[in-house]
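Numbered according to the numbering used here, the sequence shown spans residues 303 to 624.
Glycine included, each C-beta is placed from N, C-alpha and C at the ideal position.
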Amino acid sequence: MEMSHRGKAFSSILAQAQSDLRELLAIPDNYKVMFLQGGGTSQFSALPLNLTKAGDTVDYIVTGSWSKKAAQEAQAYGLKVNVAAKGDMASVPDRASWKLSDNATYACYCDNETIQGVEFKAPPEVGDTLLVADMSSNFCSKPVDVSKYGVIFAGAQKNIGPAGVVVVIAREDLLGKSRQETPTVMDYQTMQDSLHNTPPCWSIYMCGLIFSHMLKGGGIEAYARKNRGKAQVLYSAIENSDGFYHSPVARANRSNMNAPFTIPRSQDLEKEFIAAATKQGLTELKGHRSVGGMRASIYNSMPDEGVEALVAFMKDFANKHA
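Right, dumping it as structure tokens:
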């Protein structure tokens with residue numbers, strides 16, 4: 303489970319994980335790939351500490367709970383935090399309504415809102431402003447043009463490994479600009495080799511296995527096709543339920559990873575649905591406490607058969623309560 307992070311064995315594991323991820327996402331050579339600790343949430347602080355100085359302006363595009371938390375965290379660092387766009391938590395606001403700053407140091411957004419099920423289908427257009435993305439819940443689920451970003455970060459636990467490691471992909475010219483008060487373990491320049499302190503060796507090893515497995519399984523395009531297919535099956539079942547089920551998310555922004563849905567007729571029916579599904583081995587379907595309802599998370603590891611089993615149960619449940 304553990305080994306010396308300075309030894310040859312782990313050095314090989316780390317190098318292979320970095321190499322395979324670079325190949326998987328076609329990461330350009332002028333980007334550093336880091337495996338750090340603290341989860342995706344730690345990067346809410348690491349971003350302003352590494353990329354700004356007090357008094358700078360930063361833009362945040364808020365489409366759900368996680369981008370909202372990131373914007374709130376940035377306020378602790380003496381910044382002018384401009385919420386350039388704030389959606390209804392069920393869609394990405396129309397681009398014409400955004401109020402981007404002329405002098406923002408960066409623009410930050412969450413590519414997939416896990417709780418609300420809102421996903422960007424293309425990178426937001428922010429002009430010449432440095433683009434930063436939280437991809438914690440859809441990382442490695444689809445191709446990404448890394449060159450459009452200054453920094454991408456993603457907690458591993460949704461698609462690429464166990465909890466305990468966060469992947470940070472940062473353009474090299476952004477390193478070495480951190481504030482004096484930046485904690486050492488959050489300083490991208492210091493942490494660029496992922497070895498300043500003992501890294502989560504086991505989690506990185508597992509991530510490496512998954513990257514290798516994905517490459518052998520057809521690469522990122524193959525996984526993207528599979529994920530789109532699973533999502534289409536699930537959303538079609540919701541749309542074709544004659545109103546028994548409802549998706550609160552705008553069709554153009556529905557996530558391929560997290561599909562929240564409700565039974566508009568009754569919250570009691572929702573409770574019954576969750577209990578009955580659990581008895582059939584369909585677990586973790588209760589929606590987040592902040593939004594209620596149900597939520598099906600269909601990450602890379604969810605097989606087609608799992609989605610098909612859920613859809614069959616949904617149809618049967620709806621027929622019984624028609």
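Opening and closing residue of the beta strand (DSSP E) in which residue i lies
i    : result
A409 : 408 to 412
T492 : No beta strand (DSSP E) contains T492, which is instead part of the alpha helix (DSSP H) from 490 to 493.
L433 : 432 to 436
P562 : 560 to 563
F455 : 453 to 457
R597 : 596 to 599
For residue j and residue i, the rounded distance between their alpha carbons
i    : j    : result
A376 : A406 : 13 Å
K532 : Y490 : 37 Å
A579 : S449 : 43 Å
A435 : A456 : 9 Å
K460 : V446 : 17 Å
R308 : P464 : 22 Å
D331 : T585 : 41 Å
P425 : K479 : 25 Å
S403 : V609 : 42 Å
A472 : F546 : 45 Å
Given residue i as reference, the closest of the options once Cα atoms are compared
i    : options                : result
Q582 : S592, N560, S568, A611 : A611
A552 : S439, D495, K423       : K423
Y333 : R567, A458, V470       : V470
F312 : L326, F337, K518       : F337
A620 : C412, L571, K355       : L571
A373 : W400, G340, C410       : C410
P485 : L327, Q339, N542       : Q339
K622 : S543, V593, P425, T585 : S543
G521 : Q482, S557, N602, Y507 : N602
L432 : S344, Y547, T359       : T359
E304 : N529, P502, M559, N558 : P502
N414 : N440, H548, Y379, A598 : N440
G429 : S443, W400, I454       : W400
First through last residue of the alpha helix (DSSP H) which encompasses residue i
i    : result
S538 : 521 to 541
K573 : 569 to 581
V613 : 606 to 622
Where residue i sits in the DSSP three-state scheme
i    : result
N352 : helix
M516 : helix
E483 : coil
N555 : helix
V593 : coil
A472 : strand
L338 : strand
T500 : coil
Y547 : coil
K401 : coil
E415 : strand
V446 : coil
K388 : strand
Any non-hydrogen atom of the ligand SAM within 6 Å of residue i CB
i    : result
T492 : Absence of the ligand SAM from the depicted structure is noted, as is the absence of any ligand whatsoever, leaving it without description.
Problem set entry | the segment 359 to 375 / the segment 389 to 404 touching (three or more Cβ pairs under 8 Å) | Short answer: they touch.
Exercise. Taking one C-beta from the segment 391 to 403 and one from the segment 340 to 353 each time, how about it: are there three or more such pairs within less than 8 Å?
Worked result: Counting C-beta pairs with one atom in each stretch, the segment 391 to 403 and the segment 340 to 353 have fewer than three that are closer than 8 Å, which means they do not touch.
Problem set entry | Inter-stretch contact at 8 Å, needing at least 3 Cβ pairs: the segment 601 to 621 / the segment 575 to 584 | With the cut-off at 8 Å, the segment 601 to 621 and the segment 575 to 584 touch.
Exercise. At a cut of 8 Å, does the segment 588 to 607 reach the segment 560 to 569 through at least three beta carbon pairs?
Worked result: As far as the Cβ criterion goes, the segment 588 to 607 touches the segment 560 to 569, which means the pair count is three or higher.
For this session: Please confirm if the segment 508 to 527 is in contact with the segment 319 to 331, defined as three or more CB-CB distances below 8 Å between the two stretches.
Result: Yes, the segment 508 to 527 is in contact with the segment 319 to 331.
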